[in-house]
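At position 141 of the sequence shown (counting the first as 1) the number is 920 in the working numbering, and the numbers step up by one without a gap. Using N, Cα and C, we set each Cβ at its ideal position, and we do this for glycine too. In this text, all values refer to a predicted model and were calculated from it rather than measured experimentally.
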Amino acid sequence: MEKALLITPSEAESLLSGRKLPGAGFAALIVGSEFCQNQVPALSLLKRLARAFPGVGLSLATSILTDSGLRRWETLFRALRGTRLVAEVVANDWGIFPLLKKTGPFKLSSGRLLTTELTRTDAAWASGFIREHGLASAETDAPQRAAAAAALGLAVSWHPGPAFRSVTTFCPFEKHYNSRCAHSCGGKLVKLSNPLIPYPLLLSEKAYFAPAGKQPGRAARPWRTVTTFNFRAN
């Protein structure tokens, strides 16, 4: 089974300074974020990662996007066109697919939010969408979503850490919706509690997570596992 490491651009910078990955056997670095549109890596950063870690593939993780956020990502994707620097894109916003079609080809994986939405919709429609856009895999941390994604013909990319529950475009750290920020959330994992919720929550970037649940069943055996850099101690 393949292993990948999900990192933000600032975490990528820290890896570059030490020239060392946190563990052995990572076949890919997934750079960006599934839950914050502001985590856009520079083309120069991606080139430095490719030089520093030869043999380790590069992927990009994208989140739900505002119009201004989509424009920022569009600038990067257009700069990447023809470079073969990035092999895969994890997509969470329905609106990013026309852009990816223009600037690819990329291997495409539905992110955890999009996987949830895709596996809850009509199966025939979802299958048509998957074929039209060439989705190959699905990111998930929920066994039922893994099974549903596998039933749609998607390879399962499993996230064994805390389980995604919800996400917003509002930044709870800086109190705004802007597509640019000071990255105040960097490295922070905030523990929350609510008397109405029977389990603790974790806040990371713009998303809320619950404790890790069960592993996927045999019918949805993952092709890779993804470690989130910020979740390594949880």
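- Residue pairing by DSSP puts W937 in a beta bridge opposite T919 and T1004.
- The alpha-carbon of P941 is positioned some 10 angstroms away from that of L982.
- Apart from the 5 residues on each side of it in sequence, G913 sits with its Cβ closer than 7 angstroms to the Cβ of L887 in its chain, given in chain order.
- Contact annotation: V1005 and I843 have beta-carbon atoms that are not nearer than 8 angstroms.
- The segment 806–826 and the segment 855–866 touch, with three or more beta-carbon pairs separated by less than 8 angstroms.
- Q816 and E853 have their C-alpha atoms some 12 angstroms from each other.
- Under the three-state reduction of DSSP output, L825 falls in the helix class.
- If you keep only unbroken alpha helix (DSSP H) runs of at least 4 residues inside the segment 855–890, you get 876–882.
- Beta-bridge annotation (DSSP): A840 is paired with G811 and V869.
- Where A903 is concerned, the enclosing alpha helix (DSSP H) starts and stops at A902 to H912.
- Take V969, set aside five residues on each side of it, and the residues of its chain with a beta-carbon closer than 8 angstroms to its own are L981, L982 and S983, in chain order.
- For the pair A999 and A915, the CB atoms are not nearer than the 8 angstroms cut-off.
- Taking 8 angstroms as the cut-off, the beta carbon of T900 is found no closer than this to the beta carbon of N871.
- DSSP places E790 inside the alpha helix (DSSP H), whose first and last residues are P788 to G797.
- Listed in chain order, the beta strand (DSSP E) elements of length 3 or more contained wholly in the segment 949–984 are 969–971 and 980–983.
- In this structure, the alpha-carbon of T845 lies about 17 angstroms from that of P820.
- Per DSSP, the continuous beta strand (DSSP E) segment holding A986 begins and ends at A986 to A989.
- For the set Q818, S793, V835 and G861, the Cα lying nearest the Cα of A803 is the one of V835.
- DSSP links F943 through a beta bridge to F988.
- S889 is positioned such that its CB atom lies closer than 8 angstroms to that of L897.
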